[in-house]
Ligand code: ADP
Ligand code: GLC
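Residue numbers (UniProt numbering): 1 to 481.
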């Protein structure tokens, strides 16, 4: 039995701010249980729902040194959906209304977490063959392993994988502060290790010291070797390119299933969508106070409202787009300027635009099920899960050809009658608008063609099976079998 430990700062259903939580919650379930024992460790945040905190069982606690501090490490445990989850408890670090704040406080919090991930292993008596780390928050796991833990018998030979879900976030602060926080010696703060551009960089540490590095799509794996997408680490990505691979994300096909989804007004499948899907649109129009019209094309957006997702393009042509026969439904939170932009358009085009500036799992499902098309014109997108959810619900994605969007949405070809969505290449608002209008044309004038796009979208398989097999293959290779 191969033992794998996922170290992550979020996982569904316990805590989620973005796609990382979906991945860390769904992927561990998809490994072959005969050969792989995959467990997950994450922080026990005060902001988790009480229902989960109530279910966790206290295992034990101990004290651990971190820099100049001596910290309490509590271990809680919960088995969920056949997976063993461990939660690191420390109220000093993990209180607060959200998992992440900013600045040195977050760096200290996740230095604590990363060191604790290693420290608990002998205590819970689980010696993983591989620790699979996710994003900068766990970047110090390979570093601490190298620094002190590896010297001990128990830890010798443990391999590490670093998966980059988003290269933009690296966990960076000045070297002196990070030295104090982490207790790591001068040895680690050179440009071939944690130091980048004079600062200390957690993700860089993870990438340098991990045995293998992955990211969440093939295209992104290539893109991050270039300055535009490389977030100033393109040199490192090139240097590590032999150990860097792209494995595209999947989604949880049980949780995102239009045939069984408890959140949507009318369930449907790849056969019944022609009649039934529209009932969701009508229900959502009523719920959100939009004009009730089954024939109007509804565009959906479910997203963090940040620059990454291409909202400046939308802002630029929103007035023009609203002259068309479309409705736009937005669900998201994030930068104030985008929140206010959508509130403004909701006010200006009432009945046509609905801005829902909050976080809601049920509402997200309703939008995936109700909209005719889903808009995701990202500036960059390591993988993207929303477009996969849209495909699954027969909601045609309109995307920019970058990262995982390029790898998962096949552009519609009118002449060959192929493709699962619409896409454009350049980060240009009118190029996007042109593509949206092309989609409108097919939707209104060639309904049969449109429905065939939906047929192909719903037939595409982005369940985890294929990608989990690629991770298994990598684990086997690392373990040496
Ligand atoms: P990212 O991780 O960059 O935010 P992804 O497309 O990988 O983008 O994943 C986003 C996830 O977060 C999806 O599951 C999406 O449905 C969900 N999501 C984003 N915003 C909201 C929101 N306001 N309410 C509910 N779910 C949301
Ligand atoms: C990040 C990326 C997103 C990806 C997700 C899960 O949040 O922005 O593209 O789908 O991680 O890997």
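Glycine included, every Cβ here is placed at the ideal spot set by N, Cα and C.
Heavy atom of ligand 1 within 7 angstroms of residue 359 beta-carbon: yes
Are the CB atoms of residue 379 and residue 338 nearer to each other than 8 angstroms? no
Any heavy atom of ligand 1 closer than 7 angstroms to the Cβ of residue 304? yes
Does the contact criterion of 3 or more C-beta pairs under 8 angstroms hold for the stretch 425-442 versus the stretch 247-259? no
Cβ distance (whole Å) where residue 119 is taken to contact residue 64 below 8 angstroms: 5 angstroms
Check whether the Cβ atoms of residue 171 and residue 107 lie closer than 8 angstroms to each other. yes
Between the beta-carbon of residue 290 and the beta-carbon of residue 332, is there less than 8 angstroms? no
Report the residue from 273, 218 and 354 whose alpha carbon sits nearest the alpha carbon of residue 300. 354
Does DSSP put residue 142 in a helix, in a strand, or in coil? helix
Residues proximal to ligand 2 by C-beta, any heavy atom closer than 7 angstroms: 18, 19, 20, 22, 23, 165, 166, 216, 249, 308, 381, 382, 383, 384, 385, 403 and 404
If you follow the alpha helix (DSSP H) that residue 346 is in, where does it begin and where does it stop? 336-348
Curious, which full-length alpha helix (DSSP H) runs of at least 4 residues does the stretch 16-60 contain? 19-26 and 50-55
Checking 8 angstroms against the spacing of the C-beta atoms, do residue 28 and residue 14 come in under that value? no
Can you give me the start and stop residues for the beta strand (DSSP E) that residue 2 sits inside? 2-7
With distance defined between alpha-carbon atoms, name the residue in 429, 431, 430 and 406 nearest to residue 420. 406
Between residue 333 and ligand 1, is the CB less than 7 angstroms from at least one heavy atom? yes
Please classify residue 470: does DSSP put it in a helix, a strand, or coil? helix
Just to confirm, does residue 389 get its C-beta within under 7 angstroms of one of the non-hydrogen atoms of ligand 1? yes
4 or more residues per run - each alpha helix (DSSP H) lying fully within the stretch 166-236: 175-182, 202-209, 218-223 and 227-230
Reducing DSSP to helix, strand and coil, say where residue 386 ends up. helix
Look at residue 273 and residue 454 and say whether their C-beta atoms are less than 8 angstroms apart. yes
Going by the beta-carbon positions, is the gap between residue 128 and residue 173 smaller than 8 angstroms? no
Could you tell me whether the stretch 386-401 touches the stretch 369-378, using the rule of 3 or more Cβ pairs below 8 angstroms? yes
Span of the beta strand (DSSP E), counted from its first residue to its last, around residue 79: 69-80
Locate the alpha helix (DSSP H) running through residue 285, then write down its first and last residues. 273-288
Is the separation between the beta-carbon of residue 219 and that of residue 163 shorter than 8 angstroms? no
Would you call the CB atoms of residue 130 and residue 168 closer than 8 angstroms? no
Bridge-paired residues (DSSP) for residue 327: 298
Short of 6 angstroms in beta carbon distance, which residues of its chain neighbour residue 458, apart from the five on each side in sequence? Order them along the chain. 270 and 394
Check: residue 364 C-beta below 7 angstroms from any heavy atom of ligand 1: yes
Tell me which same chain residues have a C-beta within less than 6 angstroms of the C-beta of residue 288, skipping the five on either side of it? 354
Spell out the partners DSSP gives residue 421 in its beta bridges. 411
Name the DSSP bridge partner or partners of residue 159? 130
Tell me whether residue 103 sits in a helix, a strand or coil according to DSSP, three-state version. helix
If you follow the beta strand (DSSP E) that residue 400 is in, where does it begin and where does it stop? 396-400
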